[in-house]
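Data first, discussion second: the structure below is written as structure tokens.
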Ligand SMILES: [Zn+2]
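Numbering (the working numbering), first residue to last: 745 to 1145.
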């Protein structure tokens, strides 16, 4: 007798929960203070991106819940909270204070948030994108260091910083007016970070500018560094950034560091992953990890994954953004990509939302693969191998863990 869809789903879902997980992308908070509660979690979560505020009154909480209740961010965060704190009922304005107290009490132990990550989420390693201190591991071996490189786009003039207030001068010194020296010092800075334990580079420059990186002559980048500041145009600044990013990609290949790239949502404008076609093609030895499935441009990432051996699709954050989009994309990725490249990360700040993100991903895996099994595309055993690849094995190999 063949197993029903729901039996197969259950088998795969249960199997996923036996596996250790390597979480490829997180911004986990450095510490938890004693006031940590439901309000802290909500305000540090993607639910906050809905732009709906709440206050201390029962009525304001009711209105908030009524509006955000079916948003995917809220749904999975709530599931994460209910799972961790063994709650039987969804969050309501009536039980809000009680839930908040339970969370607050548990977190009086300032290591409780790490216990959730290690035990509940089964994370063996979490790649930490600490944009507040690039290359940090929050003083915990649970986290692997990732070095964010956005500050280097701002070296054409002194005193500039990236959107997280990181200055290139902190890493490569000040007063550099020669582009060759700038690139050489940038290379040294990245090498130092690698020697300190960084296992990947990260670009979140999509929060600042377009992703259409073009190969430009060195003279253009040099011009941006030496021309009169009043003469500097947007095109000059773009050319400088293009030249710098091509060099970061080259250095990533030389140092064998995967290049994690934020594509898609965020600033949204000009962040279509297809804009990276030129830089991906001209740097065949660089491993481009394209984040978030490129949402909403998942088809573009699928196309790039199909055509380019150096593209590594990572669906971090995607099951939280839209569970349906993640499931659809995963099915297509299995079909058009190879199974050694797909990874997942939570992309969250709190343990509760991370747990919710993992629940979402486990659901996406079980649901997508059950459908493929029902179609006769693959067997249950092979589906289990795919789950292990995506939650663990691929990241272990890609990041040399
Ligand atoms: Zn992120």
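Ideal placement from N, C-alpha and C gives every residue a C-beta, glycine not left out.
Reduced DSSP category for residue i - H, G, I as helix; E, B as strand; rest coil
| i | result |
| --- | --- |
| residue 852 | coil |
| residue 773 | coil |
| residue 883 | coil |
| residue 1217 | Outside the shown range of the chain, which is 745 to 1145, sits residue 1217, and nothing can be said about it. |
| residue 960 | coil |
| residue 836 | coil |
| residue 1035 | helix |
| residue 1129 | helix |
| residue 831 | coil |
| residue 920 | coil |
| residue 945 | strand |
| residue 806 | helix |
| residue 815 | coil |
| residue 892 | strand |
| residue 1170 | Given that the chain is displayed from residue 745 to residue 1145, the structure contains no residue 1170 and the question cannot be resolved. |
| residue 762 | coil |
Where the beta strand (DSSP E) through residue i begins and ends
| i | result |
| --- | --- |
| residue 1057 | 1055-1057 |
| residue 1005 | 1003-1005 |
Residue i beta carbon near ligand 2 (any heavy atom closer than 6 angstroms)
| i | result |
| --- | --- |
| residue 1058 | Ligand 2 is not part of this structure, which contains only ligand 1. |
Endpoints, alpha helix (DSSP H) assigned at residue i
| i | result |
| --- | --- |
| residue 1099 | 1095-1118 |
| residue 989 | 978-998 |
| residue 1141 | 1138-1142 |
| residue 926 | 923-939 |
| residue 897 | Per DSSP, residue 897 belongs to no alpha helix (DSSP H) and is neither H nor E. |
| residue 914 | 912-916 |
| residue 1065 | 1062-1065 |
| residue 863 | Here residue 863 belongs to no alpha helix (DSSP H), and DSSP marks it neither H nor E. |
| residue 874 | Here residue 874 belongs to no alpha helix (DSSP H), and DSSP marks it neither H nor E. |
| residue 1149 | Lying before the first or after the last residue shown, residue 1149 is absent from the chain, which here runs from 745 to 1145. |
| residue 1047 | 1042-1051 |
| residue 787 | 782-787 |
Whole-number beta carbon distance between residue j and residue i, since they are thought to touch under 8 angstroms
| i | j | result |
| --- | --- | --- |
| residue 993 | residue 960 | Between residue 960 and residue 993 the Cβ distance is about 14 angstroms, and since that is not below 8 angstroms, they are no contact. |
| residue 1017 | residue 1010 | Not quite, the Cβ-Cβ distance comes to about 12 angstroms (not below 8 angstroms), so this is no contact. |
| residue 941 | residue 889 | 5 angstroms |
| residue 768 | residue 1088 | 7 angstroms |
| residue 1066 | residue 1039 | 7 angstroms |
| task | Inspect the CB distances between the stretch 957-971 and the stretch 905-919 and report whether three or more fall short of 8 angstroms. | result | no
| task | Mind the definition here: the stretch 895-911 touches the stretch 871-882 only if three or more C-beta pairs lie below 8 angstroms; say whether that holds. | result | yes
| So, do the stretch 1104-1119 and the stretch 1129-1138 have three or more beta carbon pairs nearer to each other than 8 angstroms? | yes
| message | Taking 8 angstroms as the cut-off, does the stretch 787-796 touch the stretch 850-868 (at least 3 CB pairs, one atom from each stretch)? | response | Contact between the stretch 850-868 and the stretch 787-796 is not established, with fewer than three Cβ pairs separated by less than 8 angstroms.
| message | Could you check whether the stretch 1045-1063 touches the stretch 978-995, counting it as contact only if at least three pairs of C-beta atoms, one from each stretch, sit closer than 8 angstroms? | response | Segment contact: the stretch 1045-1063 against the stretch 978-995, fewer than three CB-CB distances shorter than 8 angstroms; contact not assigned.
| query | Would the stretch 1112-1131 and the stretch 747-754 be scored as touching if the rule is three or more Cβ pairs under 8 angstroms? | reply | yes
| query | Should the stretch 1064-1075 be regarded as contacting the stretch 791-809, the criterion being three or more beta carbon pairs within less than 8 angstroms? | reply | no
| query | Does the stretch 834-843 come close enough to the stretch 798-806 to have 3 or more Cβ pairs within less than 8 angstroms? | reply | yes
| query | Residues with a Cβ closer than 6 angstroms to any heavy atom of ligand 1, in chain order? | reply | 769, 771, 873, 1091
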